[in-house]
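Asks:
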């Protein structure tokens, strides 16, 4: 299913390319042993005999939903003194002061201004193998003073971070951030679908918070809703550990430009909490090769060039493969129509389950049908299909409470279900969306002094994703002679809908999106007048006698 990728660039507004010498040995001596150990483990995992064959076989036979996500963070600065004279090549490489947040930092230069907002990075996991469990102190991985208060308690941060309440609080925080960002994404003819990973974005922002100080850290934690959660970073560490027990995989890498030496504490914390290993950046090809491996070959040539002032690049990939608990028989898949709006429709390959076990709810407040499609390993695809045929994300976000929906969903019952097959790609620069929700300071004057001395800034956030839903081809259902009557309940997903890939236990959204056209490569057709007189199960209906009838698409299941 989705393979999102994000790139965030840190640099100064007018920074010419850096011409840095190769780094001296201190950084290599510091991180070399860790890097060699990581490469050794990665090689053993990658080249395990039979692993590739096994993976491909599973993907061919059992893949119903495949999600991939990538995030990219690029930190850029330029030399000090470029505008005031040349600098000796033998001199150390300082950072150009941008507009600092605290008086202890260099004063801003005349003519500069600083908006106050902050911004996240997008992180996306992909085939992750194992996470390390280092000893981490409450001070190092805390979320502020609340963690200091807990240091003296028995078990400290580690005990609190493992509690179910911490996982539930994190899940709620991820959902709120995701819905705020999704509300900023607009659909249209050129971009009919939106797919983002709130988990990925939260991870990136959280890792950035490790390097933030003072007001910047406070604003990041505010938007992450981690300012009231004790032991935030360690809670997120154990939260990821639990998620990895499902089909979700996470991988991360931290590329460092030769000559740039971030603070050791930031490197250590990135490794300890987010398993982000430091690697010296050798060139574009090496980055693209790692991305391709991390996404199981689904994303190639991720970057076409490297930013001129690149200092640090953080790449995370998120990868999910899900096997439906109840599989669709490919023999029942056929051509059908999907209504883009009340005037346009498009042909799609529609999967069909004649007696599919589905939990279906008609929510009057949302004015929508809500359906839950479970995967194995405690993951589910939650579908919200407004009955008026249009998805208003802002209105939906104001009313949607996923935890409440989960609690109100009825037991599964057999019904006829139609679900479109699709494979979609999404690409978006998130800078505007992040600025609109109040995080624009990351693009102007953040205080990231815990990463390196001197200011850094984010210049862009690129997010790319892909999503694929198919039926499983391994087993077939024996229902070819089923007679469908008017009394059989049914659910047909043939108009715009909101979706969430959820972790059932924590109710955390891994992916969120809005699909208005599952087949954007096909030409849209004019919706004929006759189609409005067919309900979602393709039965003629009498709108005068059917109080549930809606002019565009018919009414909810009877």
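Numbering (the UniProt record's numbering), first residue to last: 1 to 558.
Think of the CB as a built atom: it goes at the ideal place given N, C-alpha and C, for glycine as much as any other residue.
Apart from the five residues on each side of it in sequence, which residues of its chain come closer than 6 Å, Cβ to Cβ, to residue 255?
Replies: What you label residue 255 is simply residue 255 of the chain shown in a count that begins at 1. 279, 281, 313.
Asks: For the beta strand (DSSP E) containing residue 223, name the first residue and the last one.
Replies: Locating residue 223 in the chain shown gives position 223, counting from the first residue. Counting along the chain, residue 223 falls outside any beta strand (DSSP E), though it belongs to the alpha helix (DSSP H) covering 214-223.
Asks: If you draw a straight line from the C-alpha of residue 235 to the C-alpha of residue 163, how long is it?
Replies: As a working mapping, residue 235 is identified with position 235 in the chain shown. As a working mapping, residue 163 is identified with position 163 in the chain shown. Each residue's Cα considered, the two are about 8 Å apart.
Asks: For the beta strand (DSSP E) holding residue 372, just list the boundary residues, first then last.
Replies: For the purposes of this step, residue 372 is taken as residue 372 along the chain shown, with counting starting at 1. Here the beta strand (DSSP E) through residue 372 covers 368-375.
Asks: Leaving out the 5 sequence neighbours to the left and right, which residues in its chain are closer than 6 Å to residue 372 when beta-carbon positions are compared?
Replies: Indexing the chain shown from 1 puts residue 372 at position 372. Same-chain partners within the cutoff: 359, 380, 382, 409.
Asks: For chain D, is any of its Cβ atoms less than 9 Å away from the one on residue 489?
Replies: Of the chains in the structure shown, none is chain D; there is only one protein chain.
Asks: If you measure between the beta carbons of residue 230 and residue 340, is that distance less than 9 Å?
Replies: Taking the first residue of the chain shown as position 1, residue 230 is located at position 230. Taking the first residue of the chain shown as position 1, residue 340 is located at position 340. Going by C-beta atoms, residue 230 is not nearer than 9 Å to residue 340.
Asks: What does DSSP give as the partner residue(s) for residue 277 in the beta ladder?
Replies: Sequence index remark: in the chain shown, residue 277 carries index 277 (1-based). The partner list for residue 277 (beta bridge, DSSP) reads 253.
Asks: Alpha carbon to alpha carbon, how far is residue 465 from residue 542? Give it in angstroms, no decimals.
Replies: Counting from 1 along the chain shown, the entry for residue 542 is found at position 542. Counting from 1 along the chain shown, the entry for residue 465 is found at position 465. Reliability of the predicted coordinates at residue 542 is poor, the pLDDT of 33 falling under 50, and no value is obtained from them.
Asks: To which residues of the same chain is residue 253 closer than 7 Å at the C-beta, ignoring the five residues directly before and after it?
Replies: Here residue 253 corresponds to residue number 253 of the chain shown, with the count starting at 1. So the list reads 276, 277, 279, 290, 315, once near-sequence residues are dropped.
Asks: Nearest to residue 493 by alpha carbon, out of 504, 445, 516?
Replies: The residue you call residue 493 lines up with position 493 of the chain shown. The shortest Cα separation from residue 493 among 504, 445, 516 belongs to 516.
Asks: Is it the case that the segment 286-306 contacts the segment 343-350, given that we only count it when at least three CB pairs across the two stretches are under 8 Å?
Replies: Because the criterion of three Cβ pairs below 8 Å is not met, the segment 343-350 and the segment 286-306 do not touch.
Asks: Is the segment 518-529 close to the segment 410-429, with three or more CB pairs under 8 Å?
Replies: Judged by Cβ distances under 8 Å, the segment 518-529 makes contact with the segment 410-429, as three or more pairs qualify.
Asks: Buried or exposed: which applies to residue 295, given that a residue is buried once 16 or more other Cβ atoms fall within 10 Å of its Cβ?
Replies: Here residue 295 refers to the residue found at position 295 of the chain shown. Looking at its Cβ environment, which holds 16 or more other Cβ atoms inside 10 Å, residue 295 is buried.
Asks: In or out: residue 309 buried (at least 16 other Cβ within 10 Å) or exposed?
Replies: Start at 1 with the first residue of the chain shown, and residue 309 comes out as number 309. Residue 309 comes out buried.
Asks: Take residue 306 and list the residues in its own chain whose beta-carbon comes closer than 7 Å to its own, dropping the five residues that flank it on each side.
Replies: On the chain shown, position 306 is the one that residue 306 refers to. Cβ neighbours of residue 306 beyond the five flanking positions: 284.
Asks: Quick one: grab the DSSP three-state call for residue 416.
Replies: On the chain shown, position 416 is the one that residue 416 refers to. If DSSP states are grouped into helix, strand and coil, residue 416 belongs with the strands.
Asks: Quick check: the segment 387-405 against the segment 427-442, are there 3 or more CB pairs under 8 Å?
Replies: Not touching, per the Cβ criterion.
Asks: When you compare the CB positions of residue 357 and residue 332, do they come within less than 9 Å of one another, or not?
Replies: Locating residue 357 in the chain shown gives position 357, counting from the first residue. Locating residue 332 in the chain shown gives position 332, counting from the first residue. Their beta carbons are not under 9 Å apart, which means residue 357 does not touch residue 332 by this criterion.
Asks: Candidates 527, 245, 233: which alpha carbon is nearest residue 209's?
Replies: Position 209 of the chain shown, counted from the first residue, corresponds to residue 209. That would be 233, whose Cα lies nearest to the Cα of residue 209.
Asks: Quick check on residue 247: buried or exposed, where buried means 16 or more other Cβ atoms within 10 Å of its Cβ?
Replies: Along the chain shown, read from residue 1 onward, the residue named residue 247 stands at position 247. Flag for residue 247 reads buried.
Asks: Can you tell me the Cα-Cα spacing of residue 511 and residue 453, whole angstroms?
Replies: The count along the chain shown starts at 1 and reaches residue 511 at position 511. The count along the chain shown starts at 1 and reaches residue 453 at position 453. Roughly 35 Å separates the two Cα atoms.
Asks: Considering only C-alpha positions, which residue in the set 448, 406, 417, 411 is nearest to residue 504?
Replies: Taking the chain shown and counting its residues from 1, one reaches residue 504 at position 504. Ranking the options by Cα distance to residue 504, first place goes to 406.
Asks: Would you mind stating whether residue 419 and residue 362 have Cβ atoms separated by less than 9 Å?
Replies: For this step, residue 419 is matched to residue 419 along the chain shown. For this step, residue 362 is matched to residue 362 along the chain shown. The answer is no: Cβ separation not under 9 Å.
Asks: For residue 202, report the span of its alpha helix (DSSP H) as first-last.
Replies: For the purposes of this step, residue 202 is taken as the residue at position 202 of the chain shown. That run of the alpha helix (DSSP H) goes 198-210.
Asks: Per DSSP, residue 427 is paired with what?
Replies: In the chain shown, residue 427 corresponds to position 427, counting from 1. In the DSSP output, where bridge partners are listed per residue, residue 427 has 464.
Asks: What is the DSSP secondary structure of residue 526, counted as helix, strand or coil?
Replies: Taking the chain shown and counting its residues from 1, one reaches residue 526 at position 526. Residue 526 falls in the strand class under three-state DSSP.
Asks: Taking the C-alpha atoms as reference points, what is the distance between residue 500 and residue 222?
Replies: Position 500 of the chain shown, counting from 1, holds the residue named residue 500. Position 222 of the chain shown, counting from 1, holds the residue named residue 222. So the alpha carbons of these two residues sit roughly 24 Å apart.
Asks: For residue 368, I'd like the list of residues in its chain whose CB is within less than 7 Å of its CB, leaving aside the five on either flank, ordered along the chain.
Replies: The sequence position of residue 368 within the chain shown is 368, counting from 1. Cβ neighbours of residue 368 beyond the five flanking positions: 384, 385, 386, 387.
Asks: Can you tell me whether DSSP reads residue 330 as helix, strand or coil?
Replies: As a first step, residue 330 is located in the chain shown; it is residue number 330 there, counting from the start. Helix, per DSSP.
Asks: Could you name the residues of the same chain whose beta carbon sits closer than 7 Å to that of residue 174, not counting the 5 residues immediately before and after it, in chain order?
Replies: Taking the first residue of the chain shown as position 1, residue 174 is located at position 174. Excluding positions up to five away in sequence, the list reads 198, 199, 202, 508, 509.
Asks: Give a yes or no on whether the C-beta atoms belonging to residue 433 and residue 185 are separated by under 9 Å.
Replies: To locate residue 433, count along the chain shown from 1; it is residue 433. To locate residue 185, count along the chain shown from 1; it is residue 185. Contact flag set, yes.
Asks: Please say whether residue 182 and residue 205 have beta carbons closer to each other than 9 Å?
Replies: Within the chain shown, residue 205 is the residue found at index 205, counting from 1. Within the chain shown, residue 182 is the residue found at index 182, counting from 1. Contact: no.
Asks: Can residue 325 and residue 376 be called in contact, C-beta distance under 9 Å?
Replies: Residue 325 sits at position 325 when you count from the first residue of the chain shown. Residue 376 sits at position 376 when you count from the first residue of the chain shown. Closer than 9 Å, so yes.
Asks: Residues in its own chain within less than 7 Å of residue 412 by CB, not counting five upstream and five downstream?
Replies: Stepping through the chain shown from its first residue, residue 412 is reached at position 412. Excluding residues within five positions, the ones whose Cβ falls inside 7 Å are 357, 358, 359.
Asks: I'd like the list of long-range same chain contacts for residue 497, defined as Cβ closer than 8 Å, with 5 residues on each side in sequence excluded.
Replies: On the chain shown, residue 497 is found 497 positions in, with the first residue counted as 1. The answer, listed in chain order, is 383, 384, 385, 386, 391, 514, 515.
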